[in-house]
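Trainee: After the structure tokens below, expect a handful of questions from me.
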Amino acid sequence: MTEEEKKLLSTFEARLRHLIYLHDELKRENAELKQLLEVEKEKNEKAQADYKELEVSYTNLKTATTISLNGSDVKETKLRLSKLVREIDKCIALLNE
Numbered sequence: 001m002t003e004e005e006k007k008l009l010s011t012f013e014a015r016l017r018h019l020i021y022l023h024d025e026l027k028r029e030n031a032e033l034k035q036l037l038e039v040e041k042e043k044n045e046k047a048q049a050d051y052k053e054l055e056v057s058y059t060n061l062k063t064a065t066t067i068s069l070n071g072s073d074v075k076e077t078k079l080r081l082s083k084l085v086r087e088i089d090k091c092i093a094l095l096n097e
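Following this line, the structure appears as structure tokens:
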């Protein structure tokens, strides 16, 4: 093999190694991006679930408040108010997450 051919082969090998390196980097970055997107998707799904739970708690709170304010006896009203406090605490906890 001539010196020129050796140099050409060496250049080819170096560029091929560089191309393989760039390909591997692209695959790694793609995998990282895919992982980040999955994490964001999970966060979004959790946020949606928390919001739905918050809506249910708020609806329960409104219903219980209406019943309590229109309620019958003191004991029943106290029980409903206790439940309201728990629902409020639940709402606050969800909002603080």
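Position 44, counted from 1, in the sequence shown is what full-length UniProt numbering calls 44; the numbers after and before it change by one each time, with no gaps. Here a beta-carbon is modelled for each residue, glycine too, at the ideal position from N, C-alpha and C.
Can at least three beta-carbon pairs, one atom from the region 79 to 88 and one from the region 42 to 51, be found at a separation below 8 Å?
Mentor: The region 79 to 88, when compared against the region 42 to 51, does not touch it at the 8 Å Cβ threshold.
Trainee: Whole angstroms is fine: what's the gap from E38's alpha carbon to Q48's?
Mentor: Counting from one through the sequence shown, the residue named residue 38 turns up at place 38. Counting from one through the sequence shown, the residue named residue 48 turns up at place 48. So the two alpha carbons sit approximately 15 Å from each other.
Trainee: Measuring alpha carbon to alpha carbon, tell me which residue in E87, E25, L8, K34 is nearest residue 99.
Mentor: The question about residue 99 has no answer, for the chain in this structure spans 1 to 97.
Trainee: With a Cβ-Cβ cutoff of 8 Å, do K90 and S57 count as a contact?
Mentor: Locating residue 90 in the sequence shown gives position 90, counting from the first residue. Locating residue 57 in the sequence shown gives position 57, counting from the first residue. Yes; because the gap between Cβ atoms is below 8 Å, this pair is in contact.
Trainee: Looking at D50: is its Cβ nearer than 8 Å to the Cβ of L19?
Mentor: One-based indexing of the sequence shown puts residue 50 at position 50. One-based indexing of the sequence shown puts residue 19 at position 19. No, Cβ-Cβ distance for D50 and L19 is not below 8 Å.
Trainee: Could you check what DSSP says for T2 in three-state terms: helix, strand or coil?
Mentor: One-based indexing of the sequence shown puts residue 2 at position 2. Residue state, collapsed to three classes: coil.
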